[in-house]
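Working notes for the structure below.
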Amino acid sequence: MIWEHLRPRARDTSGSESVIQGDGLAILRACQQLNEEIAIPLYEKETLQIRVESDRTKWLAIESSLGASWTIPNIQHPLCESFKNLPYGELQGIQIWIDAPENITQLFCISRNVRHLVNLLDQAGKLPAVSIHLSNTSNKTWAEQDGTAQRSLPGRYAKPDYFVALLPFCRLRNISQASLHVPNGFIEEGNVDLQLMEQVMGRNMPFGSFTGDDEQIWYDNEMQTDLDDIYMHLERELDTMTGLDPNMLRLERFMSWYDDNGESEYVREFQRMLSDQRLVYTLDIEQRHAYLLTFNPLSANMQRMRLQLDLASRFRKVGFPLERRWDMQKYIEYRRYVEKTSRHAGDIDLAKMVDEEVMAQMKSGWSKEAWRDYYSEGIPPLDDDSQDIEEFYLQMGDVDALSYGLSAEEKPQDFARIHAREQEQSIDFGAGEEKRMALESLLRVPVDSDLRRSIDGEVLQQSGLLVEGWDTGLQMMSSLGL
Numbered sequence: 000m001i002w003e004h005l006r007p008r009a010r011d012t013s014g015s016e017s018v019i020q021g022d023g024l025a026i027l028r029a030c031q032q033l034n035e036e037i038a039i040p041l042y043e044k045e046t047l048q049i050r051v052e053s054d055r056t057k058w059l060a061i062e063s064s065l066g067a068s069w070t071i072p073n074i075q076h077p078l079c080e081s082f083k084n085l086p087y088g089e090l091q092g093i094q095i096w097i098d099a100p101e102n103i104t105q106l107f108c109i110s111r112n113v114r115h116l117v118n119l120l121d122q123a124g125k126l127p128a129v130s131i132h133l134s135n136t137s138n139k140t141w142a143e144q145d146g147t148a149q150r151s152l153p154g155r156y157a158k159p160d161y162f163v164a165l166l167p168f169c170r171l172r173n174i175s176q177a178s179l180h181v182p183n184g185f186i187e188e189g190n191v192d193l194q195l196m197e198q199v200m201g202r203n204m205p206f207g208s209f210t211g212d213d214e215q216i217w218y219d220n221e222m223q224t225d226l227d228d229i230y231m232h233l234e235r236e237l238d239t240m241t242g243l244d245p246n247m248l249r250l251e252r253f254m255s256w257y258d259d260n261g262e263s264e265y266v267r268e269f270q271r272m273l274s275d276q277r278l279v280y281t282l283d284i285e286q287r288h289a290y291l292l293t294f295n296p297l298s299a300n301m302q303r304m305r306l307q308l309d310l311a312s313r314f315r316k317v318g319f320p321l322e323r324r325w326d327m328q329k330y331i332e333y334r335r336y337v338e339k340t341s342r343h344a345g346d347i348d349l350a351k352m353v354d355e356e357v358m359a360q361m362k363s364g365w366s367k368e369a370w371r372d373y374y375s376e377g378i379p380p381l382d383d384d385s386q387d388i389e390e391f392y393l394q395m396g397d398v399d400a401l402s403y404g405l406s407a408e409e410k411p412q413d414f415a416r417i418h419a420r421e422q423e424q425s426i427d428f429g430a431g432e433e434k435r436m437a438l439e440s441l442l443r444v445p446v447d448s449d450l451r452r453s454i455d456g457e458v459l460q461q462s463g464l465l466v467e468g469w470d471t472g473l474q475m476m477s478s479l480g481l
């Protein structure tokens, strides 16, 4: 009974209706003496088997040798906090299993999930014996038939898959005994020696303190450089990977870019990585930030467009929004209409069209729910060859042009432009949910689809430009300061 109570709760928390009934480990944390007396006999015969998932919707599947099991979908799940406080050093051992990835998307997920697992284990003061197993599946193996390592990442100097999966574990320290296990017939490449990896994980010095300048791969600073290169390489591949899973991973990246206070861990991490002036990746973060502001479903431009065209609040079809979500021709006609009315203001009663003052004062907002709702099938590839993406960026981005083709000397060397863009956009992080609900409420108002306007003899179909009840809706947004 004691053993069952003093463990992270919930038999299986993979379902959405699971309830976390409390964390029995709180008793041990609250009473140091009880912790010292009970931890060793409680955990000394227990081994945890942890499977790192390659699915974007999963993180860890954990089984105890004494019969308990848990499924943790992501690092936001309540069980994650409980496992942070587990006295790992008192366990008999930890076994970690990683299946071979079937494609680059799965390798991306494995890399992300391994990093999160290492961050969790790194908080333990000490670790028991840790064995890491690379396992083949019926669909994929870690090595070719001749034993050479599989490579999912493109490029002549790209790291092999096993290196991507194992290197993050070298950040761990104070492991009583580390062992790496690979399938039979597996051949290690170059100077990547699995035995050296095991020795690195056995160091008792904190990661980052064992450094050197002769480019030996097993110095902490050189390993960090490799970790950063792998991270950036995978992030760059994610920009252009195709399919539903990459689309959803791009959505997760964008919707998690800011926290509730408008701070960005993603930007801070890039600043850290680029502190050594390796500017080859600076344009990557700039480009992603520009698209972040462009795709933001609560940007001022997106709010105006969605109101003026009365567009659906959710994406329900496959394909990029310009093709499927809204009528691009209608949008082009709308812009033509606005340009002509600005030159012939005396001929058109603009008061009947929109409340220009309210629309002009509209501010950008931020809401993770708005991202999730609006892009329910994810963000399309940020491919330079995509005319749709470029057109969308030019029409909706409202930020300076991306600096393609610049030499390394000409590329920006800091993040001033990113911060300037944030200020230009004036994102209101305090009213995101109010904006989302008000906008969706307005979009439910019926449209007079038969409305036509005559401009200089040209008749344009202006479906969705005038909406009955707009005055009330815009007044509501104005009163909310939206």
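Quick note, the sequence shown lines up with residues 0 to 481 if you use numbering that gives the first Met the number 0. By construction, the Cβ of each residue, glycine as well, lies at the ideal position given by its N, Cα and C atoms. All figures in this text were calculated on a predicted structure; none of them were measured in a lab.
DSSP places I284 within a helical segment (H, G or I) once states are collapsed to three.
In the structure shown, the three-state DSSP call for I93 is strand.
In this structure, the beta-carbon distance from I61 to I49 falls below 7 Å.
M204 counts as exposed, since fewer than 16 other C-beta atoms from the protein chains shown sit within 10 angstroms of its C-beta. Per DSSP, reduced to three states, the secondary structure at S178 is strand.
In the structure shown, the three-state DSSP call for R271 is helix. Around the beta carbon of S175, fewer than 16 other beta carbons lie within 10 angstroms, which makes this residue exposed.
Counting along the chain, the unbroken beta strand (DSSP E) around E62 starts and ends at L59 to S63. Taken through DSSP and simplified to helix, strand or coil, W370 comes out as helix. Residue burial annotation: I97 is buried, with at least 16 other C-beta atoms found within 10 angstroms of its C-beta. For Q48, the enclosing beta strand (DSSP E) covers residues T46 to V51. The criterion of a C-beta distance shorter than 7 Å is not satisfied by W217 and P182. Contact check between the region 131-148 and the region 80-99: three or more CB pairs, one atom from each, fall below 8 Å, which counts as touching. When only Cα atoms are considered, F269 and L65 end up about 42 Å apart. A check of alpha carbon separations from N260 across E52, A430 and S63 identifies A430 as the nearest. Per DSSP, the beta bridge partners of T70 are A60. At the C-beta level, M254 and W365 stay beyond 7 Å of one another. Cβ neighbours of T104 within its own chain (closer than 8 Å, five residues either side excluded): R55, M240, G242, D244, P245 and L248. Cβ-Cβ distances below 7 Å link E197 to A177, S178 and L179 in the same chain, with the five nearest sequence neighbours on each side left out; the list follows chain order.
Membership of S134 in the beta strand (DSSP E) is indicated by the continuous run A128 to S134.
The beta-carbon separation of Q91 and K44, rounded to 6 Å, stays under the 8 Å limit for a contact. DSSP, reduced to helix, strand and coil, places G431 within a helical segment of the structure shown.
Burial state of Q422 is exposed, judged by a 10 Å Cβ sphere holding fewer than 16 other Cβ atoms. Here D98 carries a strand assignment [DSSP, helix/strand/coil]. Here M272 really is in contact with M231; their C-beta atoms are around 7 Å apart, less than 8 Å. Across the structure, N295 and E52 are spaced so that their CA atoms are roughly 30 Å apart. Within the DSSP secondary-structure output, G184 pairs in no beta bridge.
Taking all protein chains in view, the Cβ of P153 is surrounded by fewer than 16 other Cβ atoms within 10 Å, so the residue is classified as exposed. Bridge partners of A142 according to DSSP: A148. Counting of Cβ neighbours within 10 angstroms places H76 among the buried residues, the total reaching 16 or more. Apart from the 5 residues on each side of it in sequence, G207 sits with its Cβ closer than 8 Å to the Cβ of D219, N220 and Q223 in its chain, given in chain order. In this structure, the CA atom of A148 is about 29 Å from the CA atom of R252. Inclusion of K158 and I229 in the CB contact set at 7 Å is warranted, their separation being smaller than that value. In this structure, the straight-line span from the alpha carbon of E187 to that of I131 is close to 16 Å.
Cβ neighbours of L297 within its own chain (closer than 8 Å, five residues either side excluded): S363, G364, W365, S366, A369, G431, K434, R435 and L438.
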